[in-house]
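2 protein chains.
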Amino acid sequence: MTETADNAERDLVLTRLIAASPAALYRCWTEPELMRQWFTPPPFKTVHAENDLRPGGSSLVVMQGPDGTEFPNRGIYLDVVPNERIVFTDAYTSAWEPSQKPFMTGILTFEPEGEGTRYTARVRHWTAADREAHEKMGFHQGWGTATDQLAALAVTL
Amino acid sequence: MTETADNAERDLVLTRLIAASPAALYRCWTEPELMRQWFTPPPFKTVHAENDLRPGGSSLVVMQGPDGTEFPNRGIYLDVVPNERIVFTDAYTSAWEPSQKPFMTGILTFEPEGEGTRYTARVRHWTAADREAHEKMGFHQGWGTATDQLAALAVTL
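In order, the protein sequences belong to chains A and B.
Here the numbering used here is used: the first residue of the first sequence is 1, the next is one more, and so on.
Here the numbering used here is used: the first residue of the second sequence is 158, the next is one more, and so on.
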């Protein structure tokens, strides 16, 4: 994937070499039972996940805060290639219901590298301002901790 | 398709019974040579069309004004069912490059009705304000004239 200057302004990227197969990482991102185990840094929990893995299929992840408040995150899948790539966005809450605000598109890739997988999560925003806001909301720490949990789970599969 | 109150606020809809087959209307929307013949109310012309008909495939239509100025319209397809349905949006300029402003999602359906086809173009906006702006830009007249041209062409196929 070519990184243009324009994309650098709008993208937040996390990449890591993980000692697990692309298939194991893909499972962690697509099986609700696995997703609940790694997706949320404590003290938050992931209490529900739905994954209709096809272009236009719905994605719903419900996170729960320490006081029990639930935070549903709705989106749709745009592109799904098993064990290789998942693209999703919050621009729609279902096919084809526009969301209140198109904020981000997530592009996940799982590439074989050595004995493991080069895992890259690219979060692309519609505007540079949204990218900056997401970074200030704690993107790097939040996604970093979640990715530690993802890697720890994937190596056991 | 259920019309909710919320969608009524964000949708512009044109529907017409056309004496042509769903396949003929689908061809008019997907074959560049046909698209150039009906897509633009005069004095504008459609001088170029590209249609990569798959989820994430690019759509490019270049319109030309009477003084020769060209207006490229870039988008992507989200859902394509031959002879039945086409969904596209300008929220991306290609897969998966966010556009400057997500403005609309077009949902076209071609349903057999009697000897002809119930053609419905539903243009759904992210906000009620964008819907209103599109209406004031002349949606009904522009799409109405284009649909007259579409129907005239489709019955000859």
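Just so it is clear, CB atoms sit at the ideal spot from N, CA and C, and this is done for glycine as well.
For residue j and residue i, the rounded distance between their alpha carbons
i                      : j                      : result
residue 173 of chain B : residue 277 of chain B : 6 Å
residue 44 of chain A  : residue 167 of chain B : 35 Å
residue 162 of chain B : residue 74 of chain A  : With a pLDDT of only 49 at residue 162 of chain B, under the threshold of 50, the placement of this residue in the model should not be trusted, and no figure is reported.
residue 118 of chain A : residue 244 of chain B : 33 Å
residue 95 of chain A  : residue 107 of chain A : 19 Å
residue 286 of chain B : residue 293 of chain B : 11 Å
residue 297 of chain B : residue 171 of chain B : 8 Å
residue 39 of chain A  : residue 184 of chain B : 44 Å
residue 257 of chain B : residue 126 of chain A : 7 Å
residue 226 of chain B : residue 64 of chain A  : 53 Å
residue 49 of chain A  : residue 178 of chain B : 42 Å
residue 115 of chain A : residue 144 of chain A : 22 Å
residue 291 of chain B : residue 32 of chain A  : 40 Å
Reference residue i; option with closest CA among the options
i                      : options                    : result
residue 150 of chain A : A:9, A:78, A:23, A:29      : A:29
residue 239 of chain B : B:206, B:212, B:302        : B:212
residue 110 of chain A : A:85, A:152, A:94, A:130   : A:85
residue 309 of chain B : B:194, B:189, B:190        : B:194
residue 76 of chain A  : A:21, A:62, A:156, A:92    : A:92
residue 78 of chain A  : A:97, A:58, A:66           : A:58
residue 270 of chain B : B:175, B:281, B:210, B:203 : B:175
residue 224 of chain B : B:199, B:189, B:291, B:273 : B:199
residue 165 of chain B : B:313, B:303, B:280, B:300 : B:280
residue 262 of chain B : B:246, B:254, B:255        : B:246
Bounding residues of the beta strand (DSSP E) (the contiguous stretch that carries residue i)
i                      : result
residue 173 of chain B : 168 to 175
residue 49 of chain A  : 45 to 51
residue 113 of chain A : 104 to 113
residue 184 of chain B : From DSSP, residue 184 of chain B is part of no beta strand (DSSP E) but of the alpha helix (DSSP H) over 179 to 187.
residue 69 of chain A  : From DSSP, residue 69 of chain A is part of no beta strand (DSSP E); its letter is neither H nor E.
residue 211 of chain B : Where residue 211 of chain B is concerned, there is no enclosing beta strand (DSSP E), given that its DSSP letter is neither H nor E.
residue 278 of chain B : 273 to 282
Where the alpha helix (DSSP H) containing residue i begins and where it ends
i                      : result
residue 296 of chain B : 296 to 311
Cβ-heavy atom distance, residue i to the ligand HEM, below 7 Å
i                      : result
residue 264 of chain B : Absent from the structure shown: the ligand HEM. Ligands present: none.
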